[in-house]
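Student:
Numbering (this note's numbering), first residue to last: 51 to 615.
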């Protein structure tokens with residue numbers, strides 16, 4: 051019997067279409083990456099779908115979860131942790147005369163041969179995700195999470211020892227009895243990375259201290275350490291960030307660089323004084339996870355084609371808009387990475403520089419020495435750049451210099467805080483920019499929001515009512531056999547019903563009709579109507595497309611987008 055190809059199995063067992071498979075095969079051939087990786091990168095399928103198909107193709111069992119409590123310590127005692135992480139393998143149990151080993155890449159037969167030699171017995175591979183294996187490796191080798199969780203109990207036991215005054219830096223630095231505090235802080239950082247949090251909030255109130263994580267844009271309570279440990283915990287974080295622990299009256303900003311589970315994590319730390327102590331927020335930036343691929347952000351079809359066209363223009367302005375935390379900077383980074391090559395010079399000015407990109411000159415604003423967006427942008431014009439990225443257009447001066455740069459042969463990409471694409475045009479005019487300059491310099495405006503993607507491990511299929519569909523601009527005929535999902539919640543998604551996020555876009559390409567409206571001084575709603583007539587994609591329209599693809603839910607879209615968006 052002829053063995054089926056991976057693509058054929060995926061077409062049979064998943065919602066993958068022939069067109070999507072062909073697109074993934076093109077990426078597979080052009081980039082030299084595995085077919086499964088290209089399908090995940092394009093967001094056509096999840097990693098779990100690929101692993102289950104490999105399980106069918108190779109005849110190896112698939113394990114969705116690894117129970118670390120059941121793994122005997124003698125199995126991994128002689129297996130170096132670096133080898134286990136590098137090859138993403140972990141022995142699970144003994145069965146008869148063989149050792150069952152979880153592998154992320156079942157086609158890596160060299161590793162299986164190595165393990166056969168190491169254990170001196172036969173190896174039975176089972177397939178598991180890289181994420182599940184690496185988490186299990188960290189748990190069984192380091193027991194970091196367990197040690198951290200017990201740190202809170204130790205705080206109660208050692209309360210008398212840590213009630214001392216921590217205002218003196220020397221006392222805290224020299225203290226030898228701070229192991230529970232250190233372990234607790236380390237555990238919070240480890241746990242935040244494991245749960246894919248973007249921020250850690252340490253918030254003091256009158257009678258309690260609360261630690262919360264922001265996961266996929268939503269805050270969740272995590273733990274509430276004893277109030278008396280507040281100074282110790284905050285001082286520990288400030289020491290790690292290189293801040294002055296004796297200064298508690300002024301806001302401070304710092305940075306922590308650490309490595310967790312083999313990942314380089316950059317943590318930006320901000321403290322502010324409140325009525326009940328210092329509030330600390332830590333923003334986690336996982337350098338290995340930054341997305342530099344426009345395909346994986348949520349741009350699809352004609353919006354992806356438009357974006358690829360705009361970023362290869364020789365001059366003009368591309369603006370990305372949306373509220374704080376809507377992924378604007380990530381879109382800019384992805385665009386820059388797409389066009390980054392040895393034959394063009396790219397300069398950026400940012401506040402702050404979040405990720406370093408090889409081959410790009412990145413400058414951080416510094417108001418203390420009057421290095422503002424406008425001052426940096428003015429200096430850039432003497433550096434002979436081809437592409438300029440401005441972190442944000444905040445005032446008339448920056449906008450004027452950006453427009454001047456775009457009209458003199460530079461491609462400028464930047465962000466602006468507006469709710470939708472048409473409002474961006476009127477905002478620039480309100481700043482004092484002449485309408486003819488706006489209409490002649492702007493190539494396109496992209497408004498975006500981030501929405502959570504549904505967890506397909508627990509999502510429940512359902513048929514929405516016509517009223518529900520009407521709220522997002524879909525009619526029953528649009529379903530055409532497509533399946534919509536409702537978020538439920540399971541251990542894999544921390545009972546939220548969602549895992550990860552993607553962007554929804556509103557894309558307004560400047561054309562003669564829109565330019566005419568700008569010159570007439572039309573308001574944003576008029577420009578929107580003309581834009582929609584001439585092919586502009588709206589936020590709600592793109593959101594409806596993502597819902598019909600089964601990527602997110604109606605409830606999530608309505609949570610993120612206002613009814614009038």
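Yeah, the Cβ is synthetic: ideal placement off N, Cα and C, and Gly gets one too.
Please determine whether the Cβ atom of residue 600 lies at a distance below 6 Å from any heavy atom of the ligand GDP.
Tutor: As far as ligands go, the structure on display features none, and thus does not contain the ligand GDP.
Student: Would you please state the rounded distance, in angstroms, between the beta carbons of residue 61 and residue 104? I believe it to be under 8 Å.
Tutor: The residue given as residue 61 occupies position 11 in the chain shown. The residue given as residue 104 occupies position 54 in the chain shown. The pair is not a contact, with the Cβ atoms about 15 Å apart (cut-off 8 Å).
Student: Can you tell me whether residue 631 is helix, strand or coil according to DSSP?
Tutor: Outside the displayed range of the chain (51 to 615) lies residue 631, so it cannot be described from this structure.
Student: Given residue 465, which residues of its chain have a CB within under 6 Å of its CB, disregarding the five upstream and five downstream residues?
Tutor: Sequence index remark: in the chain shown, residue 465 carries index 415 (1-based). Result list for residue 465: 370, 378 and 442, in chain order.
Student: Residues in the same chain with beta-carbon distance under 8 Å from residue 283, minus the five sequence neighbours each way, listed in chain order, please.
Tutor: If you number the chain shown from 1, residue 283 lands on position 233. 231, 234, 235, 252, 259 and 275, listed in sequence order.
Student: Classify residue 416: buried if its beta carbon has 16 or more other beta carbons within 10 angstroms, exposed otherwise.
Tutor: Locating residue 416 in the chain shown gives position 366, counting from the first residue. By the 10 Å Cβ count, residue 416 comes out exposed.
Student: Taking the CB atoms as reference points, tell me whether residue 264 and residue 242 lie closer together than 7 Å.
Tutor: For the purposes of this step, residue 264 is identified with residue 214 of the chain shown, where counting begins at 1. For the purposes of this step, residue 242 is identified with residue 192 of the chain shown, where counting begins at 1. Going by C-beta atoms, residue 264 is not nearer than 7 Å to residue 242.
Student: Assuming residue 396 and residue 494 are in contact, meaning their beta carbons sit under 8 Å apart, how far apart are those beta carbons, in whole angstroms?
Tutor: Looking up residue 396 in the chain shown gives position 346. Looking up residue 494 in the chain shown gives position 444. The pair is not a contact, with the Cβ atoms about 19 Å apart (cut-off 8 Å).
Student: Are residue 496 and residue 462 closer than 7 Å when you measure CB to CB?
Tutor: If you number the chain shown from 1, residue 496 lands on position 446. If you number the chain shown from 1, residue 462 lands on position 412. In this structure, residue 462 does not lie closer than 7 Å to residue 496 by Cβ.
Student: Looking only at its own chain, which residues have a Cβ that is under 6 Å from the Cβ of residue 549, when we skip the five neighbours before and after it?
Tutor: The count along the chain shown starts at 1 and reaches residue 549 at position 499. Cβ within range, chain order: 505 and 543.
Student: Can the beta-carbon of residue 91 be found less than 7 Å from the beta-carbon of residue 346?
Tutor: What you label residue 91 is simply residue 41 of the chain shown in a count that begins at 1. What you label residue 346 is simply residue 296 of the chain shown in a count that begins at 1. In contact: residue 91 and residue 346 (Cβ atoms closer than 7 Å).
Student: Do residue 601 and residue 503 have their C-beta atoms closer together than 7 Å?
Tutor: Position 551 of the chain shown, counted from the first residue, corresponds to residue 601. Position 453 of the chain shown, counted from the first residue, corresponds to residue 503. Yes, these two residues count as a Cβ contact at 7 Å.
Student: Enumerate in chain order the residues of its own chain whose CB-to-CB distance from residue 539 is below 7 Å, with the five nearest sequence positions on each side excluded.
Tutor: On the chain shown, residue 539 is found 489 positions in, with the first residue counted as 1. The residues are 508, 545, 546 and 547.
Student: Counting only the same chain and skipping the five closest in sequence on each side, list residues whose C-beta sits under 7 Å from that of residue 169.
Tutor: By one-based count along the chain shown, residue 169 stands at place 119. Same-chain partners within the cutoff: 149.
Student: Skipping 5 residues on each side, what residues in its chain have a beta carbon closer than 6 Å to that of residue 77?
Tutor: Translated into the one-based positions of the chain shown, residue 77 becomes position 27. Cβ neighbours of residue 77 beyond the five flanking positions: 88.
Student: Give the single residue among 555, 480 and 485 whose Cα lies nearest to the Cα of residue 499.
Tutor: The sequence position of residue 499 within the chain shown is 449, counting from 1. Comparing Cα-Cα distances from residue 499 to each of 555, 480 and 485, the minimum goes to 555.
Student: Looking at residue 485: is its Cβ nearer than 7 Å to the Cβ of residue 569?
Tutor: Counting from one through the chain shown, the residue named residue 485 turns up at place 435. Counting from one through the chain shown, the residue named residue 569 turns up at place 519. Contact: yes.
Student: Bridge partners for residue 484 per DSSP, in chain order?
Tutor: As a working mapping, residue 484 is identified with position 434 in the chain shown. In DSSP, residue 484 forms no bridge with anything.
Student: Enumerate in chain order the residues of its own chain whose CB-to-CB distance from residue 322 is below 6 Å, with the five nearest sequence positions on each side excluded.
Tutor: Position 272 of the chain shown, counting from 1, holds the residue named residue 322. Excluding positions up to five away in sequence, the list reads 301 and 329.
Student: Could you say which of 510, 557 and 309 lies nearest to residue 354 if we only look at CA atoms?
Tutor: The residue labelled residue 354 in the question sits at position 304 within the chain shown. For the residues 510, 557 and 309, the minimum Cα distance to residue 354 belongs to 557.
Student: Start and end of the alpha helix (DSSP H) containing residue 94?
Tutor: Position 44 of the chain shown, counted from the start, is the residue given in the question as residue 94. No alpha helix (DSSP H) contains residue 94, which DSSP labels as neither H nor E.
Student: Between residue 611 and residue 603, how many whole angstroms is the CB-CB distance? I'm expecting something under 8 Å.
Tutor: Working through the chain shown from its first residue, we reach residue 611 at position 561. Working through the chain shown from its first residue, we reach residue 603 at position 553. 13 Å between Cβ atoms; not a contact.
Student: Output the distance between the C-alpha atoms of residue 430 and residue 592, rounded to the nearest integer angstrom.
Tutor: Taking the chain shown and counting its residues from 1, the one referred to as residue 430 is at position 380. Taking the chain shown and counting its residues from 1, the one referred to as residue 592 is at position 542. Each residue's Cα considered, the two are about 36 Å apart.
Student: Grab the span of the beta strand (DSSP E) containing residue 263 for me, first residue to last.
Tutor: Position 213 of the chain shown, counted from the start, is the residue given in the question as residue 263. Element bounds for residue 263: 259-265.
Student: Name the DSSP bridge partner or partners of residue 323?
Tutor: In the chain shown, the residue the question calls residue 323 occupies position 273. Answer is 328, bridged to residue 323.
Student: Could you tell me the alpha carbon to alpha carbon distance between residue 135 and residue 123, rounded to whole angstroms?
Tutor: As a working note, residue 135 is residue 85 in the chain shown. As a working note, residue 123 is residue 73 in the chain shown. Rounded to whole angstroms, residue 135 to residue 123 spans 17 Å at the Cα level.
Student: Taking Cβ positions, are residue 100 and residue 86 nearer each other than 7 Å?
Tutor: Stepping through the chain shown from its first residue, residue 100 is reached at position 50. Stepping through the chain shown from its first residue, residue 86 is reached at position 36. The answer is yes: Cβ separation under 7 Å.
Student: Rounded to a whole number of angstroms, what is the C-alpha to C-alpha distance between residue 426 and residue 458?
Tutor: Along the chain shown, read from residue 1 onward, the residue named residue 426 stands at position 376. Along the chain shown, read from residue 1 onward, the residue named residue 458 stands at position 408. Going from the Cα of residue 426 to the Cα of residue 458 covers about 17 Å.
Student: Specify, as a first and last residue, the run of the alpha helix (DSSP H) that residue 167 falls within.
Tutor: As a first step, residue 167 is located in the chain shown; it is residue number 117 there, counting from the start. Per DSSP, residue 167 belongs to the alpha helix (DSSP H) from 159-169.
Student: Are the beta-carbon atoms of residue 617 and residue 412 separated by less than 7 Å?
Tutor: Residue coverage of the chain in this structure runs from 51 to 615, which leaves residue 617 outside it and unanswerable.
Student: DSSP three-state label for residue 522, please.
Tutor: Numbered from its first residue, the chain shown carries residue 522 at position 472. Coil, per DSSP.
Student: Mind checking which residues open and close the alpha helix (DSSP H) that includes residue 401?
Tutor: In the chain shown, counting from the first residue as 1, residue 401 sits at position 351. Here residue 401 belongs to no alpha helix (DSSP H), and DSSP marks it neither H nor E.
Student: With a threshold of 7 Å on Cβ separation, who are the neighbours of residue 244 within its own chain once the five nearest residues in sequence on each side are excluded?
Tutor: Here residue 244 is taken as the residue at index 194 of the chain shown, counted from 1. Closer than 7 Å at the Cβ level, and outside the excluded window around residue 244, lie 185.
Student: Assign residue 423 to buried or exposed, taking buried as 16 or more other Cβ atoms, counted over all protein chains shown, within 10 Å of its Cβ.
Tutor: Taking the first residue of the chain shown as position 1, residue 423 is located at position 373. With 16 or more other Cβ atoms within 10 Å, it is buried.
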